[in-house]
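Okay, structure first, notes after.
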Amino acid sequence: MEDQSPEMADLALKIKRLVEERGWNQEEFARISRLNRHTARQILLPGGNRRLRNATISACARALGITVNELRTHSIERLLPRMADGGASGPDDAVRRAYEQATLPELRAWLERNPDRARKLGEEDLDELLSMQGEGGPLTAFGVDAFVQRIERRRKVVEHVHAIAGTEYLELLEQIVSLLHDKVQPRTDRG
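Everything in the sequence shown is counted per this note's numbering, starting at 6 for the first residue and increasing by one.
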């Protein structure tokens with residue numbers, strides 16, 4: 006194992022302190038960060054002599070609900086309050102949970118590449134994405150981004166419907182929605 010630079014030692018110490026603030030033990034940290042147990046132990050050991058790779062730093066930051074840039078540049082004093090209140094806000098927690106439960110590499114990669122878009126998805130949207138995983142499933146067949154775009158479009162339509170429903174055009178909206186609903190319902194559901 007290589008000796009680490011003072012900068013790496015400081016970073017490892019910062020990660021250790023943030024993990025402690027979360028109240029995670031080594032097993033929890035390894036599971037949540039998706040690091041192997043040996044790597045997690047080396048990071049959390051007092052005076053550990055671990056050289057941190059970029060992928061390891063990224064996994065730690067993601068698990069802690071912060072960006073790699075924040076982890077590298079923000080002081081521990083600035084980061085600690087975020088850990089004390091559970092870390093990131095609700096949307097970040099939902100995204101982190103989705104990342105932890107994602108088994109499809111394409112979904113995990115999309116969540117990593119698109120953190121801002123992922124935060125805008127609701128828990129139900131993220132659950133829907135998780136339910137579409139699987140060998141030959143819709144996410145594999147059509148792609149994660151295509152399904153996320155569909156979810157985003159659907160959310161925008163619902164927002165517009167809510168806005169229109171509060172106006173004098175509610176009756177017209179009801180007629181249009183009823184007409185469309187009749188078109189998409191199977192014949193057996195029509196009454």
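All C-beta atoms in this analysis are idealised placements derived from N, C-alpha and C, irrespective of residue type, glycine included.
Next on the checklist: Using the Cβ count rule (16 or more neighbours within 10 Å means buried), how would you classify F34?
Outcome noted: Label assigned to F34: buried.
Checklist entry - With 16 as the cutoff for other CB atoms within 10 Å, does G92 come out buried or exposed? => result For G92, the pLDDT reaches just 45, beneath the cut-off of 50, and the residue's location in the model is therefore unreliable, although a value from the coordinates is still provided. Buried is the call here.
Next on the checklist: Just verifying my parser: in three-state terms, what is the DSSP assignment at A93?
Outcome noted: The predicted position of A93 is uncertain, since its pLDDT is 43 and thus under 50; a value taken from the coordinates is nonetheless stated next. Correct three-state label for A93: coil.
Next on the checklist: Quick test of the definition: if touching needs 3 or more C-beta pairs under 8 Å, does the stretch 96–104 touch the stretch 125–133?
Outcome noted: The stretch 125–133 and the stretch 96–104 touch, with three or more beta-carbon pairs separated by less than 8 Å.
Checklist entry - Where does the unbroken alpha helix (DSSP H) through H186 begin, and where does it stop? => result Counting along the chain, the alpha helix (DSSP H) containing H186 begins and ends at L175 to V189.
Item to check | Unbroken stretches of the alpha helix (DSSP H), 4 residues or longer, contained in the stretch 45–110 | outcome: If only uninterrupted alpha helix (DSSP H) runs of at least 4 residues are considered, those enclosed by the stretch 45–110 are 59–69, 73–78, 81–89 and 95–106.
Checklist entry - In whole angstroms, what separates the C-alpha of V153 from that of I71? => result The alpha-carbon atoms of V153 and I71 are separated by roughly 23 Å.
Checklist entry - Alpha carbon to alpha carbon, what distance is there between A146 and T108? => result Distance between the alpha carbons of T108 and A146: 15 Å.
Checklist entry - First and last residue of the alpha helix (DSSP H) that includes R39? => result Run containing R39: none; DSSP gives neither H nor E here.
Checklist entry - Among residues of its own chain, excluding the 5 on either side of S94, which ones have a beta-carbon nearer than 7 Å to its beta-carbon? => result Confidence at S94 is low in this model, with a pLDDT of 44, below 50, so the placement of that residue is unreliable and no value is reported for it.
Checklist entry - Are the beta-carbon atoms belonging to E32 and R42 less than 9 Å from one another? => result Contact flag set, yes.
Next on the checklist: Below 8 Å on the Cβ atoms is my contact criterion, and I expect A60 with I37 to pass it. Report the Cβ-Cβ distance as a whole number of Å.
Outcome noted: Contact doesn't hold; Cβ gap of about 16 Å is too wide.
Next on the checklist: Going by beta-carbon coordinates alone, are A205 and L76 separated by less than 9 Å?
Outcome noted: The requested residue 205 is not part of the displayed model; the chain covers only 6 to 196.
Next on the checklist: Between the alpha carbons of H167 and L57, how many angstroms are there, rounded?
Outcome noted: In this structure, the straight-line span from the alpha carbon of H167 to that of L57 is close to 49 Å.
Item to check | Environment of I48 [buried if 16+ CB atoms lie within 10 Å] | outcome: Buried, since its Cβ has 16 or more Cβ neighbours within 10 Å.
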